[in-house]
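Asks: Take the sequence shown: its letter number 73 is residue 54 in the working numbering, and every next letter is one higher.
Quick one: structure below, then a few questions.
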Amino acid sequence: MNKREKILAYITGGMICVIVLYTFVNSLILAPTESLHESIRSAKKRLAKLTLTSKTVERNKTRLKGLAARTYGSVDTDVRNATFGYLMGLLDRSGLTSEGKGVTKGNTKNSGDLREIAWRVVKSGKMEHILNLLYMLEEDPALHRIENLSISTRDKDGPFKVEFDYIALSLATSKGPQFTSTRPTDMKVAVDMKSDRRKRYDVIPERDIFRRYIKRVDPPKPPPTVVVRPKPIPRDVPKPPPTEPKPRYRICALPTFLGQPEIWVVNEIDETGAVHKYKEGEKLMGWDIVMVDYRTLPDPDNPELFSPARVIVRIDSDYWAIEGNQYVNAKRILKGPDLPQVLRIASGGIDQP
């Protein structure tokens, strides 16, 4: 064998030795150690699950003990008698009274360790007493359920009728822990009828949801109008003079925009009601707009009132004023002291005759 073949033989032998050594160590140490670790992990998981289950059982036992303390027992006869007496006490305390037929036996259901005793309650009376009953049923600490509750009106025995199913639940466990601490069958009804929680029920009569429906009555039809034909005008009678046309343009506002006066004119004959805006120096109806006078002066139509502003226009050499909210054809001429001081100075300070 040459040198190269000897090196390859040594390498191959070394690799075989390593493989054999690893197989030996794995079978004696590594594999058993990993299996032991897996067993430890599985045991920890089972322990955590058992711990959680134990806590859940203890929590459920505590809860069942509290629920059992709100029941009437586990014997059907005891539960039936207790719930019947309790409902009669509720009717007496509410004001509906327990006289007459009001509580009848319902269906009894069994489901494993649970038993339901049902009673049907049908009673008539005032709305105030029915609300007292509903309030006491809500405040009742006994383990129960209310089904098929309805309130109607116009009953033959009273103005309102209430009916519902009262279902009491009892724990009748045959296996496991027994809960003997049950609700006393002679417990009395103890609620405060003047409390704020009772006042919440007053919203029912306040909203008047049982008010009788009143059919809407249409208003009476107006009497037929009689068309009166105008009498013919004799030919020898002269026709009346035509009336003056209705004023058309009106000064609807005299505001200022950015310190500059504006004149707003509305065309009241136009159905669109468009407003035209003018400024000092422009033309209004062919007249020169001189200025807007904001002096507070007596109203020319009613001297007892005051006019806050007016627009002054020049027609030829005369100045005319149109008060705010006046029609254009109601303009009046200004002379002498009626003119603003600016116009009197501009005209040389000489009053016009």
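In this text, a Cβ means the ideal position worked out from N, Cα and C, and glycines have one as well.
Could you tell me which residues DSSP pairs with I272 in its beta bridges?
Replies: Strictly speaking, residue 272 in this sequence is Met, with Ile absent from that position. Paired residue(s): I293.
Asks: Let me know the secondary structure DSSP gives Q333 once reduced to three states.
Replies: Interpretation of Q333 is limited by its pLDDT of 42, a score under 50 that renders its predicted location unreliable; the figure taken from the coordinates is listed afterwards. DSSP places Q333 in coil when its eight states are reduced to three.
Asks: What does V143 pair with, by DSSP beta-bridge criteria?
Replies: Bridge partners of V143: K104, I132.
Asks: G240: which of C233, V273, V247 sits nearest, CA to CA?
Replies: Looking at the Cα atoms, V273 is the closest of the given residues.
Asks: Using the Cα positions of L112 and G70, report the straight-line distance between them to the nearest angstrom.
Replies: Their Cα atoms are separated by approximately 15 angstroms.
Asks: If we cut at 8 angstroms on Cβ distances, does D251 have a partner in chain B?
Replies: Given the protein chain composition of this structure (a single chain), no chain B is represented.
Asks: For the region 276 to 288 and the region 247 to 263, state whether three or more C-beta atom pairs, one from each stretch, are separated by less than 8 angstroms.
Replies: Counting Cβ pairs under 8 angstroms, fewer than three are found: no touch.
Asks: Using the three-state DSSP reduction, which class does Q307 fall into: helix, strand or coil?
Replies: Here Q307 sits in coil by DSSP.
Asks: Cα-Cα, which of E109, F65, P122 is closest to A50?
Replies: Selected option, being the one with the closest Cα: P122.
Asks: Compute the Euclidean distance between the alpha carbons of R229 and F287, then round it to the nearest angstrom.
Replies: Spanning the two alpha carbons is a distance of roughly 24 angstroms.
Asks: With DSSP as the reference, identify every bridge partner of F287, one or two as the case may be.
Replies: For F287, which the question treats as bridged, DSSP gives the partners P279.
Asks: I need the straight-line Cα distance from D73 to P203, nearest angstrom please.
Replies: Looking at the two C-alpha atoms, the distance is approximately 58 angstroms.
Asks: Which residue wins for smallest C-alpha separation from V143, given the options L118, V292, F238?
Replies: With distances taken between Cα atoms, V143 lies closest to L118.
Asks: With H, G and I counted as helix, E and B as strand and the rest as coil, what does DSSP make of L235?
Replies: Looking at L235 - three-state DSSP - the assignment turns out to be coil, as it is neither helix nor strand.
Asks: According to DSSP, is A29 helix, strand or coil?
Replies: In this structure, A29 counts as helix in the three-state DSSP scheme.
Asks: Name the DSSP bridge partner or partners of V256?
Replies: DSSP, once it has assigned bridges, lists V247 as partnering V256.
Asks: Which residues in the same chain have their Cβ closer than 6 angstroms to the Cβ of E304, if we skip the five residues on either side of it in sequence?
Replies: Once the five neighbours on either side are set aside, the close Cβ partners of E304 are S288, R291.
Asks: Measure the C-alpha to C-alpha separation of G75 and L114 and round it to an integer number of angstroms.
Replies: The sequence shown places Ser at residue 75, rather than the Gly named in the question. Their Cα atoms are separated by approximately 5 angstroms.
Asks: Helix, strand or coil for N91, going by three-state DSSP, please let me know.
Replies: Strand.
Asks: Under three-state DSSP, which class holds M69?
Replies: In the structure shown, M69 sits in a helix (DSSP, three-state: H, G or I).
Asks: Alpha carbon to alpha carbon, how far is V38 from C(-2)? Give it in angstroms, no decimals.
Replies: Using only the alpha carbons, I get a separation of about 58 angstroms.
Asks: Compute the Euclidean distance between the alpha carbons of K180 and S131, then round it to the nearest angstrom.
Replies: Looking at the two C-alpha atoms, the distance is approximately 20 angstroms.
Asks: Within the continuous alpha helix (DSSP H) that includes L2, where are the two ends?
Replies: Taken as a continuous stretch (DSSP letters only), the alpha helix (DSSP H) holding L2 covers -16 to 6.
Asks: Using the three-state DSSP reduction, which class does I21 fall into: helix, strand or coil?
Replies: Helix, per DSSP.
Asks: Just grab the DSSP bridge partners of D299 for me.
Replies: I296, per the DSSP bridge assignment.
Asks: Could you check the C-alpha separation between A234 and H257 for me, to the nearest Å?
Replies: Distance between the alpha carbons of A234 and H257 is about 11 angstroms.
Asks: Rounded to the nearest angstrom, what separates I(-8) and K25 at their Cα positions?
Replies: Whole-angstrom Cα-Cα distance: 46 angstroms.
Asks: What is the rounded straight-line gap between the Cα of F191 and the Cα of K175?
Replies: If I take the Cα positions, the gap works out to 24 angstroms.
Asks: Flag this pair as yes or no: are the beta carbons of D146 and E128 separated by less than 8 angstroms?
Replies: Yes, the Cβ-Cβ distance between D146 and E128 is below 8 angstroms.
Asks: Just reading off the alpha helix (DSSP H) that R210 is part of, what are its end residues?
Replies: Element bounds for R210: n/a, residue is neither H nor E.
Asks: Could you give the first and the last residue of the continuous beta strand (DSSP E) run that contains R313?
Replies: 313 to 315 is the extent of the beta strand (DSSP E) around R313.
Asks: In three-state DSSP terms, what is I10?
Replies: It is helical.
Asks: Determine the burial state of D332: buried for a count of at least 16 other Cβ atoms within 10 Å of its Cβ, exposed for fewer.
Replies: Below a pLDDT of 50, predicted positions are generally treated as unreliable, and D332, at 45, falls in that range; the measurement from the model is reported next regardless. Exposed.
Asks: The beta strand (DSSP E) that contains V84, what's its start and end?
Replies: Its beta strand (DSSP E) spans residues 84 to 86.
Asks: Count the other CB atoms, across all protein chains shown, that sit within 10 Å of the CB of H18; report buried if there are 16 or more and exposed otherwise.
Replies: The residue in question, H18, is exposed, as its Cβ has fewer than 16 Cβ neighbours within 10 Å.
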